[in-house]
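Visitor: Have a look at this one before I ask anything.
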Amino acid sequence: MMRNCLQHWEEGWEENPIDTDLPEILDQAQAFIDNGDGNSALVILEAITEACIEDWDEVADYGAEGDDLVAMLDPIWATAVLTAELSSEEAIDIQVNLEEWQDRLGGNFEICAAALRQGWDTPELLAVLEGESEDLWEDGRPSYADKLARIRLELLNLQERYSEYLNLARAENLVEEYLVMLAQLGQIAEVMAASIRIKDAGQALTVAKVLREQDALAEALQIAQAGLDLPDRISAAPAEHQFFNIHQSPLLDRHRYELADWTSELAQGLGDIPTALSARITAFKLRPSMRGYQQVRTLAGEAWQTLQADLLQHLRTMDSWSHAEAKVQIFCTKARSMMRLLLSLTVMLEAT
-16 MMRNCLQHWE EGWEENPIDT DLPEILDQAQ AFIDNGDGNS ALVILEAITE ACIEDWDEVA
44 DYGAEGDDLV AMLDPIWATA VLTAELSSEE AIDIQVNLEE WQDRLGGNFE ICAAALRQGW
104 DTPELLAVLE GESEDLWEDG RPSYADKLAR IRLELLNLQE RYSEYLNLAR AENLVEEYLV
164 MLAQLGQIAE VMAASIRIKD AGQALTVAKV LREQDALAEA LQIAQAGLDL PDRISAAPAE
224 HQFFNIHQSP LLDRHRYELA DWTSELAQGL GDIPTALSAR ITAFKLRPSM RGYQQVRTLA
284 GEAWQTLQAD LLQHLRTMDS WSHAEAKVQI FCTKARSMMR LLLSLTVMLE AT
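Last residue of the sequence shown? That's 335 in the numbering used here, and every number before it is there in order.
This is the structure:
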């Protein structure tokens, strides 16, 4: 693979084929993990990692970053370690390899190293899994804790260890994973009781969708409505988009818009027109469009004239380039309506 990268760059291409090729190769190891065979996955991962290391110096000369490579390898190594049955000697061998690879690449296999240290049977982890404690990290929670916890949750889910899944998710404050699992298990009352822990619109949308799949429609609508008052996942915006002015970025409030759009559709299907209208207005104000404008008009009924004035005034205050097309379409439509009205009045006056 690294030889192919070198040839790719030597021919003048700028794209990094590692980003597309390596995940496909790692899927071979993932297939063994999914079948519970972590030991075979480790054999494959060692071969893949050694192959990457072999030509790394030449690849690095073209600007490839060791941290980026390690970021792709580290999680699946940790997953394989937590799936495999390892002797003490095998665990030590892996740790030695990790340290050697870190020296070559400059990255840090911190998730896998933690998985090796903790395994599944440290007293702290066992207490958390049994629901007897929510304190997994005595010396402070490390930056990789969420990633490691999500790896454990994936494996617990595969093994249908749902009680331990819920205990770990709750202890690690992984709210979305916790509530989604409760909903999937049909524990709707527990979801609603814990829904106060939802932090943002993205989480609310995810949980509400699962509730809808469970035919808990009223509860889904309740979660969705509450989520509209929560912040968006702005921090989830890709780094390459962070140069945007926050008031102009098309990524701003993406989850709130999706939640508002989804909420309006659900409420309309349930016959709750006031909620559908309110959510549709929110969606329009977050991301104006001709389609959204017409949807508000359809739902508004006799209140349209008042709402129209409010929507147009809101649109006038928006100066982002991303809203230019909507402004042109909507104001042109408004102008055409005014022209038709004037023509009708003219005809009426001439007839009198």
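Each residue gets a CB set at the ideal place from its N, CA and C atoms; glycine is no exception. In this text the structure is predicted, and so the values were computed from the model without any measurement.
Straight-line CA distance for T246 to S126?
Guide: Start at 1 with the first residue of the sequence shown, and residue 246 comes out as number 263. Start at 1 with the first residue of the sequence shown, and residue 126 comes out as number 143. Computed Cα separation, rounded: 34 Å.
Visitor: Using only CA atoms, which one of A12, T189, A152 lies nearest to A30?
Guide: The residue given as residue 30 occupies position 47 in the sequence shown. Answer by Cα proximity: A12.
Visitor: Among I94, S116, N18, whose alpha-carbon lies nearest the alpha-carbon of E342?
Guide: Residue 342 cannot be examined here, being either before or after the span of the chain that is shown, -16 to 335.
Visitor: Quick check: the Cα distance between V158 and A128, rounded to an integer number of angstroms?
Guide: For the purposes of this step, residue 158 is identified with residue 175 of the sequence shown, where counting begins at 1. For the purposes of this step, residue 128 is identified with residue 145 of the sequence shown, where counting begins at 1. Taking the straight line joining both Cα atoms gives about 14 Å.
Visitor: Is V53 near G90, with beta carbons less than 8 Å apart?
Guide: Taking the sequence shown and counting its residues from 1, the one referred to as residue 53 is at position 70. Taking the sequence shown and counting its residues from 1, the one referred to as residue 90 is at position 107. A contact, by the Cβ cut-off of 8 Å.
Visitor: Please give me, in chain order, every unbroken run of the beta strand (DSSP E) with length at least 3 that falls completely inside the stretch 65 to 132.
Guide: None, since the stretch 65 to 132 contains no complete beta strand (DSSP E) of that length.
Visitor: Within 10 Å of its beta-carbon, does W60 have 16 or more other beta-carbons around it, so buried, or fewer, so exposed?
Guide: Residue mapping note: residue 60 aligns to position 77 of the sequence shown, counting from 1. Result: buried.
Visitor: Determine the DSSP secondary structure at S146, reduced to helix, strand or coil.
Guide: Counted from its first residue, the sequence shown places residue 146 at position 163. Here S146 sits in helix by DSSP.
Visitor: When DSSP labels each residue in this structure, what does K182 get in the three-state scheme?
Guide: As a position in the sequence shown, residue 182 is number 199, starting the count at 1. Reduced to three states, the DSSP call for K182 is coil.
Visitor: State the DSSP-derived secondary structure class of E155, mapped to helix, strand or coil.
Guide: Translated into positions along the sequence shown, residue 155 becomes position 172. Coil, per DSSP.
Visitor: If you draw a straight line from the alpha carbon of Q142 to that of E83, how long is it in whole angstroms?
Guide: Taking the sequence shown and counting its residues from 1, one reaches residue 142 at position 159. Taking the sequence shown and counting its residues from 1, one reaches residue 83 at position 100. The alpha-carbon atoms of Q142 and E83 are separated by roughly 33 Å.
Visitor: For T32, count neighbouring C-beta atoms within 10 Å of its own C-beta (all shown protein chains included) and say buried if the count is 16 or more, exposed if not.
Guide: Here residue 32 refers to the residue found at position 49 of the sequence shown. Looking at its Cβ environment, which holds 16 or more other Cβ atoms inside 10 Å, T32 is buried.
Visitor: Starting from the N-terminal side, write out each stretch of the alpha helix (DSSP H) that is 4 residues or longer and does not extend beyond the stretch 243 to 302.
Guide: Runs found: 256 to 269, 273 to 283, 287 to 299.
Visitor: Taking the CB atoms as reference points, tell me whether R237 and D183 lie closer together than 8 Å.
Guide: Counted from its first residue, the sequence shown places residue 237 at position 254. Counted from its first residue, the sequence shown places residue 183 at position 200. Their beta carbons are not under 8 Å apart, which means R237 does not touch D183 by this criterion.
Visitor: Contact between the stretch 144 to 154 and the stretch 203 to 212 is defined here as three or more beta-carbon pairs at a separation below 8 Å; is this criterion met?
Guide: No: fewer than three Cβ pairs fall under 8 Å.
Visitor: Which residues in the same chain have their Cβ closer than 8 Å to the Cβ of A97, if we skip the five residues on either side of it in sequence?
Guide: The residue given as residue 97 occupies position 114 in the sequence shown. For A97, where only same-chain residues beyond five positions count, the Cβ hits under 8 Å are A61, P125, Y127, L131.
Visitor: Beta carbon of A283, beta carbon of L260: below 8 Å?
Guide: Position 300 of the sequence shown, counting from 1, holds the residue named residue 283. Position 277 of the sequence shown, counting from 1, holds the residue named residue 260. Their beta carbons are under 8 Å apart, which means A283 touches L260 by this criterion.
Visitor: Quick check: what's the CA-CA separation for Q262 versus L139?
Guide: The sequence position of residue 262 within the sequence shown is 279, counting from 1. The sequence position of residue 139 within the sequence shown is 156, counting from 1. The sequence given here places Ala at residue 262; Gln does not occur at that position. Approximately 37 Å, taken between the alpha carbons.
Visitor: What's the gap between the Cα of E285 and the Cα of Q278?
Guide: In the sequence shown, the residue the question calls residue 285 occupies position 302. In the sequence shown, the residue the question calls residue 278 occupies position 295. Their backbone Cα atoms lie some 14 Å apart in a straight line.
Visitor: Please report how far the alpha carbon of L194 lies from the alpha carbon of D118, in whole angstroms.
Guide: Position 211 of the sequence shown, counted from the start, is the residue given in the question as residue 194. Position 135 of the sequence shown, counted from the start, is the residue given in the question as residue 118. Straight-line Cα distance between these residues: approximately 29 Å.
Visitor: DSSP state of D51, grouped into three classes?
Guide: By one-based count along the sequence shown, residue 51 stands at place 68. In the structure shown, D51 sits in a helix (DSSP, three-state: H, G or I).
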